[in-house]
Amino acid sequence: CGASRRPPTSPARMTSQRLSDTASKLDAASKLLRAKPEQSLIGDVGRAHGDARSAAASLAQQARALHLFDILDAPETQAVACIADLDRHAAVYATCAGLFLSLCGGVVHKLAASPCADVLRCAAQLLRKTAARQAQASDVGRLEAAVDAVGRLAWQPGSAAVLLIERQEGLMRDALQELLEAVEEGAGEQGEGEGEEAADTPPPVPPPPPLPPPPSLPEDYEATLEARCGKEVAFRMPPTGGEGALSLEVAMNGVDFESVPLELNVYARLSLKSISPSLGPSIGGTTLQLHGDGLRDAPGLCALFVAGGRREVVEARF
199 CGASRRPPTS
209 PARMTSQRLS
219 DTASKLDAAS
229 KLLRAKPEQS
239 LIGDVGRAHG
249 DARSAAASLA
259 QQARALHLFD
269 ILDAPETQAV
279 ACIADLDRHA
289 AVYATCAGLF
299 LSLCGGVVHK
309 LAASPCADVL
319 RCAAQLLRKT
329 AARQAQASDV
339 GRLEAAVDAV
349 GRLAWQPGSA
359 AVLLIERQEG
369 LMRDALQELL
379 EAVEEGAGEQ
389 GEGEGEEAAD
399 TPPPVPPPPP
409 LPPPPSLPED
419 YEATLEARCG
429 KEVAFRMPPT
439 GGEGALSLEV
449 AMNGVDFESV
459 PLELNVYARL
469 SLKSISPSLG
479 PSIGGTTLQL
489 HGDGLRDAPG
499 LCALFVAGGR
509 REVVEARF
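Residues 199 to 516 (this note's numbering) are what the sequence shown spells out, left to right.
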């Protein structure tokens, strides 16, 4: 890499036309790899990926030899033979990479097409710079980096899907950051232009006071709602200071609330103070009266009698 290059006027040089023609062939093959295959094949994707990786490594090795011949001012016959060898290695790689991409599914192909095509694109760029007597070691390094990227491709559908999601998330974060910066910049410019008119602008109308919180159920009360999918959502109500109908809204993300087309009647906690009479025969039939706070007429008003393991519910009236 540190060797001095011969002047462009040197009589012994590689055939520029052959370099340019080979570069054009590699560009065309690179475009074919980027295109979606007309027909998907079925086969061993892992083996096809290994073949493409090996062919890419051989192409990179031949490109290093071509660059070395250019630096050492090799005879034109040797240079032409080196170009022909690189052309053959590129053709083998294009075939292996094309087979690998034809075996890949949608997500894997979307991630793998561009890295596979970049190998041929970087090789074509190296040939053109060699023809123009401008090739550098960094051009070979870009080709080797493209080859390494092919070797690191995630060809398993699950791994490829995760990488694609992470890439899309990164793009979305970058776009959102750019949008926020643009909005802040526009707001700053608008503020500078309207600085003189700000004194004549009437003060903003203060927002209305917040609405009082709605009544809620006792702290230990637990209710359930039936969702459209047939499952149930359980929640615990916070304490409340009132009674009556309570409207409900449900959100899956804590932001977008939807109204529940039902009403939940709220009652105060029962506080029973006495029962009359406090004594009755075991055969039953005695009318009992409960006195206390929080009692109200309701369709499900009832009383539960418990005697040992026996439990019996009877209707009650207000």
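Glycine is no exception: its CB is placed at the ideal position from the N, C-alpha and C atoms.
These figures come from a predicted structure and were not determined experimentally.
Item to check | Selected residue, minimal CA-CA separation from residue 441, among 213, 464, 328, 448 | outcome: 464
Checklist entry - Touch check for the stretch 445-457 and the stretch 465-475: three-plus C-beta pairs under 8 Å? => result no
Checklist entry - Using the C-alpha atoms, what's the distance from residue 493 back to residue 506? => result 27 Å
Checklist entry - So what does DSSP say about residue 449, is it helix, strand or coil? => result In the structure shown, residue 449 sits in a strand (DSSP, three-state: E or B).
Checklist entry - For residue 215, which three-state DSSP category applies? => result helix
Item to check | Where residue 275 falls, given that 16 or more other Cβ within 10 Å makes a residue buried | outcome: Result: exposed.
Checklist entry - Looking at residue 299 and residue 307, is the spacing between their C-beta atoms short of 8 Å? => result Pairing residue 307 with residue 299 gives a Cβ-Cβ distance under 8 Å.
Next on the checklist: On the CB-based measure, 16 or more other CB atoms within 10 Å of its CB, does residue 328 come out buried or exposed?
Outcome noted: buried
Next on the checklist: Which of the three DSSP states is assigned to residue 497 in this structure?
Outcome noted: coil
Checklist entry - Is the beta carbon of residue 174 sitting closer than 8 Å to the one on residue 301? => result Any question about residue 174 goes unanswered here, given that the chain covers just 199 to 516.
Checklist entry - Skipping 5 residues on each side, what residues in its chain have a beta carbon closer than 6 Å to that of residue 490? => result 469, 470, 471
Item to check | Assigned secondary structure, residue 490 (DSSP; H/G/I helix, E/B strand, else coil) | outcome: strand
Checklist entry - Do you know how far the Cα of residue 449 is from the Cα of residue 488? => result 41 Å
Next on the checklist: Need the endpoints of the beta strand (DSSP E) that residue 511 sits in, please.
Outcome noted: 508-513
Checklist entry - Beta-carbon separation of residue 317 and residue 221 under 8 Å? => result no
Checklist entry - Going by the CB atoms, is the gap between residue 338 and residue 149 shorter than 8 Å? => result Since the first residue shown for the chain is 199 and the last is 516, residue 149 is missing from the structure and cannot be characterised.
Next on the checklist: Taking the straight line between their C-alpha atoms, what separation do you get for residue 499 and residue 445?
Outcome noted: 22 Å
Next on the checklist: Going by DSSP in three states, residue 142 sits in which element: helix, strand or coil?
Outcome noted: In the structure as shown, the chain begins at 199 and stops at 516. Residue 142 is therefore absent and cannot be evaluated.
Next on the checklist: Suppose contacts are defined by Cβ-Cβ distances below 8 Å. Is residue 281 in contact with residue 264 by that definition?
Outcome noted: yes
Item to check | Proximity winner among 320, 331, 231, relative to residue 215 (alpha-carbon distances) | outcome: 331
Next on the checklist: Measuring only from the beta carbon, is residue 501 closer than 7 Å to any heavy atom that is part of the ligand FMN?
Outcome noted: For the ligand FMN, the structure offers nothing, since it holds no ligand at all.
Checklist entry - What number of angstroms, rounded off, separates the C-alpha of residue 268 from the C-alpha of residue 296? => result Looking at the two C-alpha atoms, the distance is approximately 30 Å.
Item to check | Rounded Cβ spacing between residue 314 and residue 226 (contact assumed at less than 8 Å) | outcome: The C-beta distance from residue 314 to residue 226 rounds to 15 Å, too long to fall under 8 Å, and the pair is not in contact.
Checklist entry - If we call anything under 8 Å between Cβ atoms a contact, is residue 320 one with residue 351? => result no
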